[in-house]
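One structure below.
Number of protein chains: 2
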Amino acid sequence: VAQTTHVSKVYKLAAAEVVALDEVNIVVNEGDFLALMGPSGSGKSTLLHLIAGIDRPSSGTCSVLNFNLGTMSESELAKWRNQYVGFVFQSFNLVPVLSALENVELPLLLTGLSSSKRKAQAKTALELVGLADRMDHTPRQLSGGQQQRIAIARAIATDPQLILCDEPTGNLDSVSADAVLEIFHTLNTQLGKTIIMVTHDPHAARAAKEVRYLEKGKLLPAGEKPKD
Amino acid sequence: VAQTTHVSKVYKLAAAEVVALDEVNIVVNEGDFLALMGPSGSGKSTLLHLIAGIDRPSSGTCSVLNFNLGTMSESELAKWRNQYVGFVFQSFNLVPVLSALENVELPLLLTGLSSSKRKAQAKTALELVGLADRMDHTPRQLSGGQQQRIAIARAIATDPQLILCDEPTGNLDSVSADAVLEIFHTLNTQLGKTIIMVTHDPHAARAAKEVRYLEKGKLLPAGEKPKD
Ligand SMILES: Nc1ncnc2c1ncn2[C@@H]1O[C@H](COP(=O)(O)OP(=O)(O)OP(=O)(O)O)[C@@H](O)[C@H]1O
Ligand SMILES: Nc1ncnc2c1ncn2[C@@H]1O[C@H](COP(=O)(O)OP(=O)(O)OP(=O)(O)O)[C@@H](O)[C@H]1O
Ligand SMILES: [Mg+2]
Ligand SMILES: [Mg+2]
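Chains as they are written, first to last, in our numbering: chain A, 1 to 228; chain B, 1 to 228.
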């Protein structure tokens, strides 16, 4: 379902080069639930963005859901993402001028559903994360953990095949975190969704089926952890 | 050092009222290291912002470092904060167009130090959080956990008497988190700084001397936890 081959990402700055990812080969199969862990700055968000086509590698190929992302234009990638992928950003990326409900509805706008069907589907997603009573609040009128849960609701509202989430429980107390992990578990085991979850939280990682580690841009072999 | 008396915060929205804080009476003494915990949306960030004078209560008084915040103007509060308080925001609030070093230097601009002394002090703070090699990166060129650590460096660069931090380890792996908690421990036990840390992470809470819980805007008595 998601495969990167010899993928590297190098940022060239004025004074130096930063190798964010170094020859990463990863294979994720349909129905997998993978937790991606590793030290701060080790390249996790970068890898997730490449798999979503939000960013392009400096070298190597990304093949996701049988699409070769490198051959697609920006607008083709945006359409593809809207149809198949749900993405939860590390910094949420909510639209400040829209309400929680409108934010969750956003990806549904391109689906051809009627307005009432869209609102109903968005409300269901909000109920799943326990925020139906906050649907008219704008992001500024929500707590950090509530914003995070809106971002999660938005990512699942279109019922995507592939869910990519970057630190989805970082701002949540254990009760809210467990509720979110329960949703992911159901989406994965009962609806066959593929999930790649970047996390620092060992408790969240335990909800996944498999854990892989990045260290300084390199993907460690299965079963290996970074040296402390 | 920080005392709120009968403090409430009510948000009035078009359709309803949200009671974010309800009659909170808290006393924090000099040299305390308090962890403030509670469910998502329970009012933790709101209380921290009131103690910092970044927001004003709907009723009640906030007395911090012997200043009655309610009697001070916005500019007086800004000056006071710059001199006495270090604040780490839940969403970091870094300036996008400035480098990491310039972001950390920002609170030092009003201290009357020379430019070379400011840069040296900012660099020391960056070294403490392990990011001296990223000082020329802008926030966009940093990982989530690196941005969080820049926000922490900025909060301690002026050597403030009171440190208020909102989820300071939420985006950090355990090694980076422990390094940050170690800094707080040193600031508290060796330099006598008072620290109020909002956190969802029980591991971070263990670094504090005391833990208090908020639930639905109410401060629970010492030793009491929210019902699950
Ligand atoms: N400007 C606002 N208008 C209306 N309601 C608001 C506003 N800001 C915050 N709230 C509400 O106030 C409550 C408390 O918010 P606060 O940010 O203090 O929670 P928190 O304990 O920090 O949560 P988290 O752990 O998720 O960060 C939340 O229910 C939130 O929806
Ligand atoms: N635009 C950029 N220019 C230069 N360097 C960058 C840029 N974006 C990211 N980096 C660097 O690439 C590295 C990997 O970043 P990435 O965001 O993938 O890390 P991460 O594993 O997600 O970290 P965290 O756990 O802190 O979120 C970091 O060292 C960061 O400084
Ligand atoms: Mg990241
Ligand atoms: Mg908060």
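In this text, a Cβ means the ideal position worked out from N, Cα and C, and glycines have one as well.
Given the structure is predicted, the values throughout are model-derived calculations rather than measurements.
Among the options, the one whose alpha carbon lies nearest that of residue i
| i | options | result |
| --- | --- | --- |
| residue 92 (chain B) | B:77, B:104, B:123 and B:193 | B:104 |
| residue 195 (chain A) | A:203, A:116, A:153 and A:184 | A:184 |
| residue 80 (chain A) | A:68, A:209 and A:90 | A:68 |
| residue 85 (chain B) | B:168, B:55, B:159 and B:38 | B:159 |
| residue 17 (chain B) | A:116, A:141 and A:54 | A:141 |
| residue 163 (chain B) | B:21, B:15 and B:31 | B:31 |
| residue 51 (chain B) | B:143, B:4 and B:38 | B:4 |
| residue 55 (chain A) | A:38, A:65 and A:20 | A:20 |
| residue 41 (chain A) | B:146, B:200, B:189 and B:178 | B:146 |
| residue 148 (chain A) | A:186, A:65, A:76 and A:176 | A:176 |
| residue 63 (chain A) | A:15, A:187, A:87 and A:29 | A:29 |
| residue 174 (chain A) | B:225, B:2, B:49 and B:112 | B:225 |
Burial state of residue i, where buried means 16 or more other Cβ atoms lie within 10 Å
| i | result |
| --- | --- |
| residue 27 (chain B) | exposed |
| residue 203 (chain B) | exposed |
| residue 157 (chain A) | buried |
| residue 228 (chain A) | exposed |
| residue 109 (chain B) | exposed |
| residue 117 (chain A) | exposed |
| residue 267 (chain B) | No answer is possible for residue 267 (chain B): the residues shown for chain B start at 1 and end at 228. |
| residue 209 (chain B) | exposed |
| residue 221 (chain A) | exposed |
Near ligand 1: residue i beta-carbon under 7 angstroms from a heavy atom
| i | result |
| --- | --- |
| residue 213 (chain B) | no |
| residue 171 (chain A) | yes |
| residue 41 (chain B) | yes |
| residue 134 (chain A) | yes |
Cβ-heavy atom distance, residue i to ligand 4, below 7 angstroms
| i | result |
| --- | --- |
| residue 44 (chain B) | yes |
| residue 90 (chain B) | yes |
Residue i CB to nearest heavy atom of ligand 3 below 7 angstroms
| i | result |
| --- | --- |
| residue 148 (chain B) | no |
| residue 166 (chain A) | yes |
| residue 192 (chain A) | no |
| residue 141 (chain B) | no |
Beta-carbon proximity check, residue i vs residue j, cutoff 8 angstroms
| i | j | result |
| --- | --- | --- |
| residue 153 (chain A) | residue 89 (chain A) | no |
| residue 34 (chain A) | residue 47 (chain A) | no |
| residue 45 (chain A) | residue 198 (chain A) | yes |
| residue 6 (chain A) | residue 59 (chain A) | yes |
| residue 82 (chain A) | residue 170 (chain B) | no |
| residue 219 (chain B) | residue 24 (chain B) | yes |
| residue 53 (chain B) | residue 215 (chain B) | no |
| residue 129 (chain A) | residue 95 (chain A) | no |
| residue 161 (chain B) | residue 65 (chain B) | yes |
| residue 167 (chain A) | residue 144 (chain B) | yes |
Cβ-heavy atom distance, residue i to ligand 6, below 7 angstroms
| i | result |
| --- | --- |
| residue 20 (chain B) | In the structure on display, ligand 6 does not appear, and the ligands it does have are ligand 1, ligand 2, ligand 3 and ligand 4. |
Neighbour list for residue i in chain C, Cβ cutoff strictly below 8 angstroms
| i | result |
| --- | --- |
| residue 99 (chain A) | Within the model displayed, chain C is absent; protein chains A and B are what it includes. |
Residue i: CB within 7 angstroms of a non-hydrogen atom of ligand 2
| i | result |
| --- | --- |
| residue 220 (chain B) | no |
Please list the segments of the beta strand (DSSP E) lying wholly inside the stretch 79-148 of chain A, counting only runs of 3 or more residues, in order along the chain. 85-88
Could you give the uninterrupted runs of the alpha helix (DSSP H) lying entirely in the stretch 53-83 of chain B, keeping only those of 4 residues or more? none
Suppose only complete runs of 4+ residues qualify. What are the alpha helix (DSSP H) ranges in the stretch 179-227 of chain A, listed by chain order? 202-205
If you scan the stretch 10-55 of chain A from start to end, which runs of the beta strand (DSSP E) of 3 or more residues do you find wholly inside it? 17-28 and 33-37
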